[in-house]
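Going line by line, the protein sequences match chains G and X. When you line the first sequence up against the numbering used here, it's residues 49 to 163, in that order. When you line the second sequence up against the numbering used here, it's residues 32 to 142, in that order. Everything below concerns the one structure shown next.
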Amino acid sequence: EAGVVQSPRYKIIEKKQPVAFWCNPISGHNTLYWYLQNLGQGPELLIRYENEEAVDDSQLPKDRFSAERLKGVDSTLKIQPAELGDSAVYLCASSEQGTSASVQYFGPGTRLTVT
Amino acid sequence: DQQVKQNSPSLSVQEGRISILNCDYTNSMFDYFLWYKKYPAEGPTFLISISSIKDKNEDGRFTVFLNKSAKHLSLHIVPSQPGDSAVYFCAAERTGNQFYFGTGTSLTVIP
């Protein structure tokens, strides 16, 4: 079974440019998460989807970040415009809805460097 | 406000010995605690979990202990193997799929 797929794996952009990340969760997983991981830190939740509905986006900086999961499957996270402080790894994860302990399966992440 | 804390950024252990990774939390409302393992350039992978109503869960070489009164949990790896060298994240979940991760502990198992 394929795991969580993310692309691109690496992205280098100049500040003020837009950037987008794509995630395809494990088939059948209704819950999808986007996390931000800074160097030396743990993942921090940006947004969580249940199917196509964003049920927790309280930590998403909405002035520059946006996300969508139109058909309840794959998802896109966008930053516009990017700032130097956005340099980090962006992780996508998915889980089955309603399972105990809600084990999340993570993709490999997209490492963003803003110059 | 860091609700899950891993105060040891790194740990080195000899192969064959026990590795003990610690985690503290502040919120008594957490329902589940999980440990994830992360290799460089990969996403975290699930290792083991424990419900808040239990105090121990064992899976092969990995055992997680939960002390609710101290708001503390630990992961024991016995015996430690070089392939266990990775960053280990403690995570806590509240009902509603709200997850909080610690900052990670980098484990090095020395052959």
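Note that the Cβ used here is the ideal one computed from N, Cα and C, for glycine as well.
| query | result |
| --- | --- |
| In the structure shown, what three-state DSSP assignment does D55 (chain X) receive? | strand |
| Out of X:P113, X:L138, X:C121, X:V95, which one is the CA nearest neighbour of F130 (chain X)? | X:C121 |
| Taking the alpha carbon of D111 (chain G) as the point to measure from, which residue in G:N99, G:G88, G:P66, G:G76 has its own alpha carbon closest? | G:P66 |
| Which first and last residues belong to the beta strand (DSSP E) in which H77 (chain G) is found? | That residue, H77 (chain G), is in no beta strand (DSSP E); it is neither H nor E in DSSP. |
| Looking at the secondary structure, which residues open and close the beta strand (DSSP E) in which D104 (chain G) lies? | 101-104 |
| Determine the closest residue to D55 (chain X) out of X:Y119, X:Q34, X:G114, X:I49, with distance taken between C-alpha atoms. | X:Q34 |
| Tell me the rounded alpha-carbon separation between S43 (chain X) and Q37 (chain X). | 15 Å |
| Does the beta-carbon distance from L104 (chain X) to K85 (chain X) come in below 8 Å? | no |
| E89 (chain X) lies in the beta strand (DSSP E); which residues open and close that run? | 87-90 |
| Taking 8 Å as the threshold (beta carbon to beta carbon), is T134 (chain X) in contact with chain G? | yes |
| Beta-carbon within less than 6 Å of S129 (chain G)'s beta-carbon, same chain only, minus the 5 sequence neighbours each way: which residues are those? | The amino acid at residue 129 (chain G) is misidentified as Ser; the sequence shows Pro. These residues qualify, in order along the chain: K64. |
| At what residues does the beta strand (DSSP E) containing K126 (chain G) begin and finish? | 123-127 |
| Let me make sure I understand the geometry here. Which of X:E46, X:V140, X:T94, X:A123 has the alpha-carbon closest to that of E92 (chain G)? | X:A123 |
| Considering Cα atoms alone, identify which of X:W66, X:F64, X:V109, X:E73 is closest to Q85 (chain G). | X:E73 |
| Suppose the cutoff is 6 Å on Cβ atoms and the five residues either side in sequence are ignored; what does the same chain contact list for F64 (chain X) look like? | I81, L104, A123 |
| Keeping to the same chain, check which residues put their C-beta closer than 8 Å to that of P142 (chain X); ignore five residues upstream and five downstream. | E46, P113 |
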